[in-house]
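For reference, the structure discussed in these notes is given below.
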Amino acid sequence: MTKKIETKSGVSRRSLLKGAAAVGGLAAGSGAITGFPTVWSKTDIVLRQVGTGVSNINAIAEKCKADLGITLQMTALDSDAAAQRTVTQPDSYDIADVEYWICKKVFPAGTLQPMDVSKLKYFDKIVPLFINGKLTPESTIAQGTAPHTVGFVEGKDSTKFAKEPTNWMTMVPTIYNADTLGIRPDLVGREITTWADIMDPKFKGKTSILNIPSIGIMDAAMIMEAMGNVKYGDKGNMTKAELDKTIAFLIDAKKAGQFRAFWKSFDESVNLMASGEVVIQSMWSPAVAAVRSKGIACKYQPLKEGYRAWGGGLGLAKHLEGAQLDAAYEYINWYMSGWVGGYLNRQGYYSACLETAKGFMSEDEWGFWMEGKPAKSDIISPEGKVMEKAGATRDGGSYLQRLGGIACWNSVMDEDRYMVRKWNEFIAA
Amino acid sequence: MAEITADNAIAEPVPVAKRRIRFDSAASYLQALPLAIILGVFLVLPIATIVMVSFWDYDSIRIIPDFITLNYEETLFSWITWKTYLNTLKYTVIVWTLTMAIGFWVAYFLAFHIRTTTMQMVLFLICTVPFLTSNIIRMISWIPFLGRNGLINSTLIQVGVIDAPLEFLLFSDFAVVLAMVHLYTLFMVVPVFNTMMRIDRSLIEAARDAGANAFQILTNVIIPLSKPGLAIGTIFVVTLTMGDFITVRFMSGGQSASVGLMIANQISLLQYPAAAANAVVLLVVVLLMVAGILRVVNIRKEL
């Protein structure tokens, strides 16, 4: 808070022209003011954020308004719609909150601007998973579109992904998780240990996978590999032959009546599980929590082949400049400063800046969510609901256990076009 | 798009007789201008764009202005497309038959059995009450009803009619057709009711005086005179069913495909040219169907 005020010459001239309001933004944007809040209320800065429902949460907008004075207008969409909006209506948002596999498609479209790493105050607090792909220095890099492969571009105006970290980031990572199958322990009646269990004839007509082709195909790949049908070169980037084989298998399973339904939205998956239409299905962790909150047993079952992971981040729209751009950096720095991280961690996701998030969580919460320890007291969701009773431990254990088990990341394949055709065959069959 | 086409076919301007001087004809052009502009901007232009894009190329991140026919080749020469069209047509035929059967009798009841106009209007408005909630809510409210542990199954099991829950009730073609009939019957009722209300009651009296029984009056007087309404209703139902993807997705649990769903899948992966080619094919098919209906029944006579 007592740091000296630095000004960067190129920016300061513009800021002076834009008046006093922008000066605050410049100072904040250049990293001079470290103490929150820098209140922007006089400037009436509004940032429009579009993205997926997972992280477009009103509580974040409210806290942002209170801390920074920036009004955040959130629009929550599904992954596909978020990608479309980002590419086709670049003027309709200022911040794009999208997933990394989508980023692989979206960023080269040129509607986002790379982010200046030197303006990111907490860059060195970002977990290495997003910088070099490694959870720990020894860990291997998982298959698929690992976030670090699309995390940086070669230069300020480049849309070409860089192999090594540069000063230009495509998106600032915010949220990520490791996904697995959700089960109804009361109805499956046996131990579930592998992705292949979803194809057990015992569960005929009681299973589901998701019908978002780029994610569904990854689940199918996990199942195929678990059954020993195919050994993929890269599950996240299949060859045509691998796709053919995978889809043919899915079609056979579908014709044999293995699946009850294919879900596309969060709510659908919750309803399928809660109503007992399915007993085992691919699922997202908050959907599991939603089923549990209805008083129905539901487990996010760790499987021996590992997890299918995804990560999301915030990108800046191309048109942002001046005070608005500064405000956007300010917002992103605030996002990484811990409060949001704690919020996301407490929902069962992970913050990309764990170090700062820790300061906003109690020791018990940190132990439960991050270290796999039994909860000492009831675990409360950010909305104030009891999520877990005292004594419970998290499905899958600690952060390192769960993320150490990532088998692949959600991805966009080179044979994307062919994949969608094959997927349509599957649905039409 | 399909719906607009149907409207357009109905609202085609009747040629104005050139009785007056040029000033009048200029005035009538001026009168037609706003609609022409609206249709041009919101109907012709978008369709032209879709047609244009359908010839473009694309990769996983961009669409590339070009002139290729690959999108059409992939659409027309793939068995998925044919299978999907067959499936969509199957839904259309079943839904059309059922909505017409139900819609006709509802309209008949309203038009000929209810004596007072006030009562007719009250009952007619009651028919439209479900439209105060959204399509999707009306649709998904079937799900807890039909599900494995839903109302129907639990009732039947309690009564002792069945031992195990009926699986076909939900996430099946049955569920899709049920929801579509529920959603679209009113589109049949309204035009049929409208035409029936215009039938000159003295024709029915004349038929009765001439010795026709109730069945003969129905088949020789009422059905022929209701044809325009049935045709308009058919156009509504056919275009809606052909383009439907959300009902198919929700009620089949994603197990069945429709043309609309195929297009939605492509759009969601930013494969706009492929989706556009598919949309053009769908548009052509639906227009041909509408043209076929219009050849059978001259609805303009009735307007």
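These protein sequence lines are chains A and B, in that order.
Using my numbering, the first residue of the first sequence is number 1, and each one after it goes up by one.
Using my numbering, the first residue of the second sequence is number 430, and each one after it goes up by one.
All C-beta atoms, glycine included, are put in the ideal place defined by N, C-alpha and C.
A quick note: this is a predicted structure, and the numbers were derived from the prediction, not measured.
Assigned with DSSP and collapsed to three states, B/Val-588 falls in helix. The alpha-carbon of B/Gly-689 is positioned some 6 Å away from that of B/Asp-673. Residue-level contact by beta carbon fails for B/Gln-587 and chain A, as no gap is shorter than 8 Å. DSSP, read as helix, strand or coil, puts B/Trp-508 in helix. Between A/Val-172 and A/Leu-135, the C-beta spacing is not below 8 Å. Distance from the CA atom of B/Tyr-701 to the CA atom of B/Arg-544, rounded to whole angstroms, is 54 Å. Of all residues in the stretch 184-214 of chain A, the ones placed with a Cβ closer than 9 Å to any Cβ belonging to chain B are Gly-205, Lys-206, Ser-208, Leu-210, Asn-211, Ile-212, Pro-213 and Ser-214, in chain order.
The beta carbon of A/Leu-403 is closer than 6 Å to those of Leu-135 and Ala-178 in its chain, skipping five residues each way along the sequence. Collapsing the DSSP output to three states places A/Cys-408 in a strand.
Residue-level contact by beta carbon holds for A/Ser-275 and chain B, with a gap shorter than 8 Å. Those residues of the stretch 538-571 of chain B placed with their C-beta closer than 7 Å to a C-beta in chain A do not exist.
Of all residues in the stretch 85-117 of chain A, those with a C-beta nearer than 7 Å to a C-beta of chain B are Val-87, Lys-105, Pro-108 and Ala-109, reading in chain order. Minimum Cα-Cα distance from B/Met-617 among the listed residues B/Cys-556, B/Ile-572, B/Ala-636 and B/Ala-593 corresponds to B/Cys-556. Distance between A/Thr-246 and B/Arg-567, taken at the CA atoms: about 36 Å. The stretch 213-232 of chain A and the stretch 340-347 of chain A do not touch, with fewer than 3 CB-CB distances between them shorter than 8 Å.
If you draw a straight line from the Cα of A/Val-420 to the Cα of A/Val-106, it comes to about 17 Å.
For A/Pro-114 and A/Asp-80, the gap between their C-alpha atoms comes out near 22 Å. Distances from the alpha-carbon of A/Leu-210 to those of A/Cys-103, A/Glu-268 and A/Ser-92 put A/Glu-268 closest.
8 Å or more divides the Cβ of A/Trp-168 from the Cβ of A/Val-150. The beta carbon of A/Ala-290 sits closer than 6 Å to the beta carbons of Val-270 from its chain, once the five residues preceding and following it are set aside; these are given in chain order. When secondary structure is reduced to three states using DSSP, B/Val-535 falls in the helix class. The alpha helix (DSSP H) runs lying completely inside the stretch 630-708 of chain B and spanning 4 residues or more are 630-638, 643-646, 652-672, 675-680 and 688-697, given in chain order.
Excluding residues up to 5 positions away in sequence, Leu-210, Asn-211 and Ile-212 lie with their Cβ nearer than 7 Å to the Cβ of A/Lys-264 in the same chain.
Among the CB atoms of chain B, none fall inside 8 Å of the CB of A/Val-270.
Its chain contains Ile-198, Gln-258, Phe-259, Arg-260, Val-278, Ile-280 and Gln-281 as the residues whose beta carbon lies nearer than 7 Å to that of A/Thr-207, once the 5 sequence neighbours on both sides are disregarded; these appear in chain order.
B/Arg-627: member of the alpha helix (DSSP H) spanning 602-627, first to last residue.
Within the DSSP secondary-structure output, A/Leu-47 pairs in a beta bridge with A/Leu-72.
Looking at the DSSP output, A/Val-172 shares a beta bridge with A/Leu-314.
If you draw a 10 Å sphere on the C-beta of B/Phe-496, you find fewer than 16 other C-beta atoms in it, and that means exposed. In the three-state scheme derived from DSSP, where H, G and I count as helix and E and B as strand, A/Ser-293 is classed as helix. If you draw a straight line from the Cα of A/Asn-58 to the Cα of A/Gly-51, it is about 13 Å long. In the three-state reduction of the DSSP assignment, A/Asn-58 falls in the helix class, which pools H, G and I.
Taking CB atoms only, A/Phe-262 has a neighbour in chain B less than 8 Å away. Chain A places no beta carbon closer than 8 Å to that of B/Glu-502, leaving this residue out of the contacts. Among the residues facing chain B, A/Val-150 is not included, as its CB has no counterpart in that chain under 8 Å away.
The three-state secondary structure of A/Phe-360, taken from DSSP, is coil.
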